[in-house]
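Working notes for the structure below.
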Amino acid sequence: MVTILCSNGTASLASASSDASGLWIPVAELAQLGWELRPEGACRGDVCVPIPKARERDFVRDDTKAGRLFNLTELAALRRQPVARSERGDVFAIGEASDDRARLLRGGEAPDFALPDLAGRIHRLSEHRGKKVFLVSWASW
Amino acid sequence: MISVAFDSGGAAAAKPWIDLAKPTHPSLIDVEHRVAELYEMVNVPMAVWIDEAGRIVRPAEPSGASDGFRQMDRKTFALANEIMAEYGRRAQVYKDALRDWVRRGAASEHVFSAGDVASRTHGPSEADARAHACFALGRYLAQSGRSDEAQVCFAEAVRLAPENWSIRRQALWFESPEAPGGPKFWSAVDALGEQSYYRPVRMRGLDER
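Protein chains in written order, with my numbering: chain A, -4 to 136; chain B, 98 to 306.
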């Protein structure tokens, strides 16, 4: 069992496993993380990341029990996403590529977010389009 | 106005303060520090000004806060009168600037051009992104009862992004929720030496003439 934390949520996959070469997910379970393996590469919706032909063995392998496996951390490395793994190798946090985010932020468009208030009601920044927004942080600590 | 609490302790941690402040604006809870990551808010309080079209006109900056707190009496939390007065003055300058923007919009002298927004946006760097991944892992481990492993992740996040006080202080909270602002916090602040805790604010009357 491996737990994967990423920007669109947390997924625990019973038949995922990790070793020194990476985090291996049964191809059939990739959908739980929003990915799909197609001939053109690893795809999320209409966007596909081509797998380098010469390095296919770093990304895909066949296991006699679990079937075809895909290396999620290798994909993260290809997309220049940061990965943090627990010492036991049972929890992985996969972040977003810093250069993509820096480019967006420097472009000046305010990234949208959705967060709850005390009552649990979700508010989105984009609901306030058409008004000026003063976005300010604080903390109890 | 939207306020966001960077509190991994969630509503339980933030509620007493929100109950006292009785805000009429959306007052949101950000357990993952998602807004901190998206907007490069490395500390609290920090603010971003966003115009009607969803464009950032002032990127993340300390909103009127300053390093005066470092002179605080660490037992009584008392601050000398002149430091209190300077705190009040800075807050007033910042609030006046905010009101000026609300009234005059793009004509306000406090609105940055697109070029200035770009040049005043720091990153995030690759190290910042890795720090947030380590913080996310640490948070999950801490909340799964694996405190020792969590502290290893937090230490790595702090090593990668030493200027990120939100991560540092949240890590101290996980370590001792009853006293996150204890001796460890103060020794980290003291270790800054001549370096500032709050980044300078590029505003006339504050840190820019």
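Where is the CB? At the ideal position from N, CA and C, for every residue including glycine.
If you scan the stretch 129 to 153 of chain B from start to end, which runs of the alpha helix (DSSP H) of 4 or more residues do you find wholly inside it? 131 to 136
For residue 1 of chain A, which of B:245, B:226, B:262, B:256 has the nearest alpha-carbon? Your numbering for residue 1 of chain A matches position 6 in the first sequence. Residue B:226 is the option with its Cα nearest to residue 1 of chain A.
Any chain A beta carbon closer than 8 Å to residue 194 of chain B: Residue numbering aside, residue 194 of chain B sits at position 97 when the second sequence is read from its first letter. Not an interface residue.
At a CB distance below 8 Å, what residues from the stretch 118 to 132 of chain A approach chain B? Give them in sequence order. 118, 120, 121, 123, 124, 125, 126, 127, 128, 129, 130, 131, 132
In angstroms, rounded to a whole number, what distance separates the CA positions of residue 89 of chain A and residue 274 of chain B? Here residue 89 of chain A refers to the residue found at position 94 of the first sequence. Here residue 274 of chain B refers to the residue found at position 177 of the second sequence. One C-alpha to the other measures close to 27 Å.
Please name the residue, chosen from A:108, A:31, A:103, that lies closest to residue 82 of chain B on a Cα-to-Cα basis. With chain B represented from 98 up to 306, any question about residue 82 of chain B goes unanswered, as that position is not in the structure.
Using a Cβ-Cβ cutoff of 7 Å, what residues of the stretch 205 to 218 of chain B are near chain D? List them in chain order. No chain D is part of this structure, whose protein chains are labelled A and B.
What's the C-alpha gap between residue 17 of chain A and residue 63 of chain A? Translated into the one-based positions of the first sequence, residue 17 of chain A becomes position 22. Translated into the one-based positions of the first sequence, residue 63 of chain A becomes position 68. Looking at the two C-alpha atoms, the distance is approximately 15 Å.
Give the residues from the stretch 36 to 53 of chain A that approach chain B closer than 7 Å (Cβ to any Cβ), ordered along the chain. none
Tell me, to the nearest whole angstrom, how far the beta carbon of residue 151 of chain B is from that of residue 105 of chain A; I am working on the premise that it is less than 8 Å. In the second sequence, the residue the question calls residue 151 of chain B occupies position 54. In the first sequence, the residue the question calls residue 105 of chain A occupies position 110. With a Cβ gap of about 5 Å, residue 151 of chain B and residue 105 of chain A count as contacting.
Do residue 113 of chain A and residue 124 of chain B have their beta-carbon atoms positioned less than 8 Å apart in this structure? For the purposes of this step, residue 124 of chain B is taken as residue 27 along the second sequence, with counting starting at 1. For the purposes of this step, residue 113 of chain A is taken as residue 118 along the first sequence, with counting starting at 1. It is a contact, given that the beta carbons lie within the stated cut-off.
Length of the line joining the Cα atoms of residue 191 of chain B and residue 297 of chain B: Within the second sequence, numbered from 1, the residue matching residue 191 of chain B stands at position 94. Within the second sequence, numbered from 1, the residue matching residue 297 of chain B stands at position 200. Rounded to the nearest angstrom, the two C-alpha atoms are 13 Å apart.
Where residue 81 of chain A meets chain B, residues with beta-carbon distance less than 7 Å: Position 86 of the first sequence, counted from the start, is the residue given in the question as residue 81 of chain A. Per Cβ cutoff of 7 Å: 234, 238, 246.
With residue 135 of chain A and residue 61 of chain A assumed to form a contact (beta carbons below 8 Å), what rounded beta-carbon distance in angstroms separates them? Locating residue 135 of chain A in the first sequence gives position 140, where the first residue counts as 1. Locating residue 61 of chain A in the first sequence gives position 66, where the first residue counts as 1. About 44 Å separates the two Cβ atoms, so there is no contact after all.
What distance in whole Å lies between the Cβ atoms of residue 218 of chain B and residue 101 of chain A, which are believed to be in contact at a cut-off of 8 Å? One-based indexing of the first sequence puts residue 101 of chain A at position 106. One-based indexing of the second sequence puts residue 218 of chain B at position 121. About 5 Å; that satisfies the 8 Å criterion.
What residues from chain A crowd round residue 114 of chain B, counting only those whose CB sits closer than 7 Å? In the second sequence, residue 114 of chain B corresponds to position 17, counting from 1. 135, listed in chain order.
Applying the criterion that 16 or more other CB atoms from any shown protein chain within 10 Å of the CB defines a buried residue, is residue 143 of chain B buried or exposed? On the second sequence, residue 143 of chain B is found 46 positions in, with the first residue counted as 1. Looking at its Cβ environment, which holds 16 or more other Cβ atoms inside 10 Å, residue 143 of chain B is buried.
Give me the Cα-Cα distance between residue 234 of chain B and residue 28 of chain A, rounded to the nearest whole angstrom. Indexing the second sequence from 1 puts residue 234 of chain B at position 137. Indexing the first sequence from 1 puts residue 28 of chain A at position 33. Going by the C-alpha atoms only, they are around 17 Å apart.
Would you mind sorting residue 58 of chain A into buried or exposed? The rule is 16 or more other CB atoms within 10 Å of its CB. Translated into the one-based positions of the first sequence, residue 58 of chain A becomes position 63. Exposed is the call here.
What residues in its chain sit with their C-beta under 7 Å from that of residue 128 of chain B, if we drop five residues either side in the sequence? As a working note, residue 128 of chain B is residue 31 in the second sequence. Only 104, 105, 107 meet the Cβ criterion.
In whole angstroms, give me the CA-to-CA distance for residue 180 of chain B and residue 187 of chain B. Position 83 of the second sequence, counted from the first residue, corresponds to residue 180 of chain B. Position 90 of the second sequence, counted from the first residue, corresponds to residue 187 of chain B. Roughly 11 Å separates the two Cα atoms.
Give me the chain B residues within the contact set of residue 34 of chain A, using Cβ-Cβ distance strictly less than 7 Å, ordered along the chain. Working through the first sequence from its first residue, we reach residue 34 of chain A at position 39. Within 7 Å Cβ-Cβ: nothing; residue 34 of chain A doesn't reach chain B, min ~31 Å.
What did DSSP end up calling residue 120 of chain B once you bin it into helix, strand or coil? The sequence position of residue 120 of chain B within the second sequence is 23, counting from 1. Coil, per DSSP.
Whole-angstrom Cβ separation of residue 269 of chain B and residue 281 of chain B, contact assumed at under 8 Å? Here residue 269 of chain B is taken as the residue at index 172 of the second sequence, counted from 1. Here residue 281 of chain B is taken as the residue at index 184 of the second sequence, counted from 1. Yes, they are in contact, since the Cβ atoms of residue 269 of chain B and residue 281 of chain B sit about 6 Å apart, within 8 Å.
With 16 as the cutoff for other CB atoms within 10 Å, does residue 47 of chain B come out buried or exposed? What the structure shows of chain B is the stretch from 98 to 306, and residue 47 of chain B is not part of that stretch, so it cannot be assessed.
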